[in-house]
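Structure record follows, encoded as structure tokens.
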Amino acid sequence: MLESSKDSAKLDAMKRIVGMIAKGKNASELFPAVVKNVASKNIEIKKLVYVYLMRYAEEQQDLALLSISTFQRALKDPNQLIRASALRVLSSIRVPIIVPIMMLAIKEASSDLSPYVRKNAAHAIQKLYSLDPEQKEMLIEVIEKLLKDRSTLVAGSVVMAFEEVCPDRIDLIHKNYRKLCNLLVDVEEWGQVVIIHMLTRYARTQFVSPWKKDDDDVVEEYNENNFYESDEEQKEKDQKVKKTYVMDPDHRLLLRNTKPLLQSRNAAVVMAVAQLYWHLAPKSEASIVSKSLVRLLHSNREVQYIVLQNIATMSIQRKGMFEPYLKSFYVRSTDPTMIKTLKLEVLTNLANEANISTLLREFQTYVKSQDKQFAAATIQAIGRCATNITEVTDTCLNGLVCLLSNRDEIVVAESVVVIKKLLQTQPAHHGEIIKHMAKLLDTITVPVARASILWLIGEYCERVPKIAPDVLRKTAKSFTNEDDLVKLQILNLGAKLYLTNSKQTKLLTQYVLNLGKYDQSYDIRDRTRFIRQLIVPNEKSGALSKYAKKIFLAQKPAPLLESPFKARDHFQLGTLSHTLNSKAAGYLELSDWPEVAPDPALRNVEAAEAAKEWTVFLGKTKKEKPPEKFYSESEEEEDESASTSATESESGSESEKEDEEGSSDESSGSSSSSEESSDSESNGKESTVKKTSRTAEKSDSEDIKKKAKGINKKNASSSSDSESSSSDESSSDSKSESDPKSDSESGKSGRATSSKKEEKTVQDRKAPNKKDVFLLDLDDFSLVTSPVAVPAATVLSPSLAADLEGLSLSGSSVIDVTTQVSVPPKTHELLHRMSGKGLAAHYNFSRQPCIFGDHMVSVQVTLTNTTDQKIENIHIGEKKLPAGMRMHGFNPIESLEPEESITVSMGIDFCDSIQTASFQLCTKDDHFSVNIQPPVGELLLPVTMSEKDFKKEQGMLTGMNETSATIAVAPQNSTSLVIIERVVKAANLGVVPSGQDNIHRFAAKTVHSGSLMLVTVELKESSTAQLIINTEKTVIGSVLLRELKPVLSQG
183 MLESSKDSAK LDAMKRIVGM IAKGKNASEL FPAVVKNVAS KNIEIKKLVY VYLMRYAEEQ
243 QDLALLSIST FQRALKDPNQ LIRASALRVL SSIRVPIIVP IMMLAIKEAS SDLSPYVRKN
303 AAHAIQKLYS LDPEQKEMLI EVIEKLLKDR STLVAGSVVM AFEEVCPDRI DLIHKNYRKL
363 CNLLVDVEEW GQVVIIHMLT RYARTQFVSP WKKDDDDVVE EYNENNFYES DEEQKEKDQK
423 VKKTYVMDPD HRLLLRNTKP LLQSRNAAVV MAVAQLYWHL APKSEASIVS KSLVRLLHSN
483 REVQYIVLQN IATMSIQRKG MFEPYLKSFY VRSTDPTMIK TLKLEVLTNL ANEANISTLL
543 REFQTYVKSQ DKQFAAATIQ AIGRCATNIT EVTDTCLNGL VCLLSNRDEI VVAESVVVIK
603 KLLQTQPAHH GEIIKHMAKL LDTITVPVAR ASILWLIGEY CERVPKIAPD VLRKTAKSFT
663 NEDDLVKLQI LNLGAKLYLT NSKQTKLLTQ YVLNLGKYDQ SYDIRDRTRF IRQLIVPNEK
723 SGALSKYAKK IFLAQKPAPL LESPFKARDH FQLGTLSHTL NSKAAGYLEL SDWPEVAPDP
783 ALRNVEAAEA AKEWTVFLGK TKKEKPPEKF YSESEEEEDE SASTSATESE SGSESEKEDE
843 EGSSDESSGS SSSSEESSDS ESNGKESTVK KTSRTAEKSD SEDIKKKAKG INKKNASSSS
903 DSESSSSDES SSDSKSESDP KSDSESGKSG RATSSKKEEK TVQDRKAPNK KDVFLLDLDD
963 FSLVTSPVAV PAATVLSPSL AADLEGLSLS GSSVIDVTTQ VSVPPKTHEL LHRMSGKGLA
1023 AHYNFSRQPC IFGDHMVSVQ VTLTNTTDQK IENIHIGEKK LPAGMRMHGF NPIESLEPEE
1083 SITVSMGIDF CDSIQTASFQ LCTKDDHFSV NIQPPVGELL LPVTMSEKDF KKEQGMLTGM
1143 NETSATIAVA PQNSTSLVII ERVVKAANLG VVPSGQDNIH RFAAKTVHSG SLMLVTVELK
1203 ESSTAQLIIN TEKTVIGSVL LRELKPVLSQ G
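Going by this note's numbering, the first residue of the sequence shown is number 183, and it counts up by one from there.
Printed below as a string of structure tokens:
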């Protein structure tokens, strides 16, 4: 079939071969036949051939080498999947001779437009490094380049490459630290694990310890001043006492951005966050991980085993973290032994005076278990509880003595060993127990237990003077049949009795020593000779024999019963080394906290550098300008004119409509570019309503010309005081993201105006910038009453620049977020006045950039008081949001008068999904549960781009990134104006100019991740059209396709 000339037969054969591989069958014999098809023109066949080659390239290296030229050609293929697969196969051929080819391919792939290909380049780095470590320096350069990548797809893979190749190069992380923290939530799960572990190591080298030392010592030093202390020394001590720990903002950023991942479905991610909080968070905050770790105990047994090991280590140092979840660690009958033992370990660590009675009742049940290993472990746990909690020592001891009558020998033996350790703590009170244990020697056969009883009798022989010689007599009879461990204790017992009661035991001891002298074990023979010389004085005996009694009967310290997990705390939690309790290959130790934190400025990304980087991606060069005023000059003039003719410009229903839009703009405090566009678009709207279509066309073009003159302005603002105050608020809100210096400058020079500026504005208007490119064909829109998707400005926000980093554009191309305000917003009901006891709430999506965050969708909420009484303290209460989703509510409204309405702005990060955001809308007396569910079209921001760039991006988003459907279009819907109007009304898309009348193109990016969304409507014959959507977000693409189909097909 592989030799067939038909592609369908080859495809069927390849599917069968890949199926065989998936089932674990060996298909290496087919390598020569498969490799012939590597140059197939059919993309589906090529994909499957590459899957096969990735599996067997390492085994059949000679044959794979013959196809290298094909792989090199495939690295230039327009399909991103083919390029990525070719790189993966090339890096799987582990032959040193092709290292230079691999290096070149990795370098090229690291600059690829597709993040998927760049991700595979990061994977190939690790393979090349393992093949040829001498390439390390060149690979570090590629890693440094990929670390700057802003795609979430690449982040996890490049950090993995960093950890493999150069984990000690912390300097590469400085500039990328904040970006990695912010991207963390959106990275795939295994990438999150790698990044979290790397950031844990990074944070331990860059921040000071948040674990406060006890201040008591410092205060005492301060109080116990020397009488003759100088004032300066006194001041120094004052400062020492007052000095408090302040967490570094970057340290807090890491903790804040990893916290949501505790809700992850992936156990490894939760475990990684837990170890991060354990090693980095203040002790008061570390307890938030306990609930998530307990949740993992409902997973499979392998996950339980790892999680319980880590909990066992944590619970030794900080019992309080897991005490509320004590019952979660109770043993189930279905648990395997390893899980039972670990749960028992945790329960023992958590034991205290308050819960010990409950735990002992639980332990009584465990002792009766059929699993003897677990029962023995339970007895040891009882012994540890007895030593740690003195109130229950006697109770535990009595319980263990009762177990001595158990039928099971293993239980009895373990009890004897534990009792022996307990008796060492207070032997004076337990002579009866020693006598009882001496009687058990006749029945117990377990060597450890017999040895423990003999040691106890020997150690406390003076307390049982009548029983001890008899025990020696009995054991002397069975000496030759005993285990070596027991023989050694019989010798010790004989020596101790010889020293304390030689009258009765002298002959017995000599008999035992003679037996030991000829024993088969050299240990026994050595011990016998040593004891004989020490206790039996003769001419050769040295001075040491005088001290024999002190040596043998010295006071022995009581043994400490400690957790076996105490020794593991020096390993990083969640690592293989911690699990094995020994250092594994490749383990990187956590460094100690530095005494003084390194300079945090190392993590600052300079604004100038960032701007330069963004302009490179846009194919433009920006000239540096002196800092401008907060208001653009053109708008300052408009401000003056607006103040004189405000009343004249408002009339009828049109003014009501504009008031509504204006209020939404004021409340949202939208960014400067959006405000500028809304001004010009509202002007355009007035002219289209008042004048004929010809006049409208003229006014539209004039508006756009005005916009062209203002396009290179850095800052713009609204023409009213309320809008300026709201934009001030937005700038202060986003201070952490923007450059604080530029914020302060713009704030200081905000409202200053002068005659020189006015003259400069006139000159600007006379000489517009010729380099600005306008992407909309204005003639197409001359008859449309509401202009669509006019580009706002070419100044990029940092978030957009980050989203566009992966796009390499020619010098003439412009890709920019535009503001879509031409379509009247659709209002949805949030709270009915009956349900809200007179408070009615409606919401709409303003389609403006959100002031609360670049990843948020702006939502305008209109609250109306339909009652005859004032409603007080309207605010947002409890939020019930899906994992990852964030919401920025509005500020509380003190009161709303009867029959009054107010419009407020909210920001919701829907994480590029149409999941419902549920929260409570509260008043002073009541709270109401409400929901906001976004239409998929509102999760987008319109983008302007040239037709050439559209086609280039579309070529990169084919295959699994493309969804399409054929729809029947009503004749009245087939005109370009109607199609544009309907599509833009349904979804927040920007119009891309098209050279063909029958093809309409639209572009947008998703608000959260910035992924491109390309929509094509191609009109066919016989009243049909093909609707094509290209995007990496395939789920959103398919939902958008489903929503656009009825919009275009309905009459």
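Beta carbons: idealized from backbone N, C-alpha and C, even for Gly.
It should be emphasised that the depicted structure is a prediction, and the values quoted were computed from it without experimental measurement.
Asked                                                                                                                                                                      : Found
When you compare each of T387, V336, E323 to I352 by their alpha carbons, which one comes out closest?                                                                     : T387
For C1104, write down the residues that DSSP places opposite it in a beta bridge.                                                                                          : H1057, H1109
Quick check on the burial criterion: 16 or more other C-beta atoms within 10 angstroms. Buried or exposed for N358?                                                        : buried
Return the residue from the list I1161, I1218, I1211, I1181 that minimises the CA-CA distance to T1188.                                                                    : I1218
Between which two residues does the alpha helix (DSSP H) holding D1131 run?                                                                                                : 1129 to 1138
Would the region 1187 to 1206 and the region 1122 to 1140 be scored as touching if the rule is three or more Cβ pairs under 8 Å?                                           : yes
For I521, tell me which candidate among Q491, K509, N534 has the shortest Cα-Cα distance.                                                                                  : Q491
When the Cα atoms are used, what is the spatial distance from S837 to P1006?                                                                                               : Caution is warranted here: a pLDDT of 39 is assigned to S837, below 50, making its placement in the model unreliable, and the coordinate value is therefore given only provisionally. One C-alpha to the other measures close to 14 Å.
Rounded to whole angstroms, what is the Cα-Cα separation between T1046 and E1214?                                                                                          : 41 Å
How about V347 and Y311: do their beta carbons lie closer than 8 Å?                                                                                                        : yes
Just tell me which of H1182, M1195, A1207, S1100 has its CA closest to the CA of P1153.                                                                                    : A1207
Kindly indicate the opening and closing residues of the beta strand (DSSP E) around H760.                                                                                  : That residue, H760, is in no beta strand (DSSP E); its alpha helix (DSSP H) goes 758 to 762.
Excluding the 5 residues preceding and the 5 following V1229 in the sequence, name in chain order all residues of the same chain whose CB lies nearer than 8 Å to its CB.  : R1164, V1165, K1167, A1168
Where do the ends of the beta strand (DSSP E) carrying L1123 lie?                                                                                                          : 1122 to 1126
Residue ranges of each alpha helix (DSSP H) run of no fewer than 4 residues wholly in the region 1012 to 1078, ordered along the chain?                                    : none
Once DSSP output is grouped into helix, strand and coil, what is the label at D1091?                                                                                       : strand
On the three-state DSSP scale, how would you describe Q1208?                                                                                                               : strand
Quick one: any contact between the region 277 to 288 and the region 317 to 335, if contact means 3 or more CB pairs under 8 Å?                                             : yes
Which residues in the same chain have their Cβ closer than 8 Å to the Cβ of V778, if we skip the five residues on either side of it in sequence?                           : V390
Given that a residue counts as buried once 16 or more other Cβ atoms are within 10 Å of its Cβ, and exposed if not, what is V428?                                          : exposed
Give me the Cα-Cα distance between L1222 and F1132, rounded to the nearest whole angstrom.                                                                                 : 19 Å
Drop a sphere of 10 angstroms on the beta-carbon of I1235, count the other beta-carbons inside from all chains shown, and report buried for 16 or more, exposed for fewer. : Residue numbering for the chain in the displayed model covers 183 to 1233; residue 1235 lies beyond these limits and cannot be assessed.
Just the Cα atoms here: how many angstroms apart are I1058 and T1145?                                                                                                      : 39 Å
What would DSSP say about I280, mapped onto helix, strand or coil?                                                                                                         : helix
Which residue comes first and which comes last in the beta strand (DSSP E) that contains K465?                                                                             : That residue, K465, is in no beta strand (DSSP E); it is neither H nor E in DSSP.
CB V341 to CB V376, shorter than 8 Å?                                                                                                                                      : yes
Assign G502 to one of two classes, buried (16 or more other C-beta atoms within 10 Å of its C-beta) or exposed (fewer than that).                                          : exposed
Decide if F545 is buried, meaning its Cβ has at least 16 other Cβ atoms within 10 Å, or exposed.                                                                           : buried
How is A626 classed by DSSP in three states: helix, strand or coil?                                                                                                        : Here residue 626 is Ile; the residue named in the question, Ala, does not match the sequence. The answer is coil: DSSP assigns I626 none of H, G, I, E or B.
What is the rounded straight-line gap between the Cα of P969 and the Cα of V1160?                                                                                          : Because P969 carries a pLDDT of 41, less than 50, the predicted location of this residue cannot be relied on, and no value is offered for it.
In this structure, does DSSP put R566 in helix, strand or coil?                                                                                                            : helix
Between T252 and the rest of its own chain, which residues show a CB-CB distance below 7 Å, the 5 nearest in sequence each way excluded?                                   : V220, A221
Answer with buried or exposed for N763, where buried requires no fewer than 16 other C-beta atoms within 10 angstroms of its C-beta.                                       : exposed
Within 8 Å (strictly less), CB to CB, does N786 reach chain D?                                                                                                             : Looking for chain D here will not work: only one protein chain is present.
Could you tell me the alpha carbon to alpha carbon distance between V574 and L443, rounded to whole angstroms?                                                             : 42 Å
What are the boundary residues of the beta strand (DSSP E) that I1149 is part of?                                                                                          : 1144 to 1150
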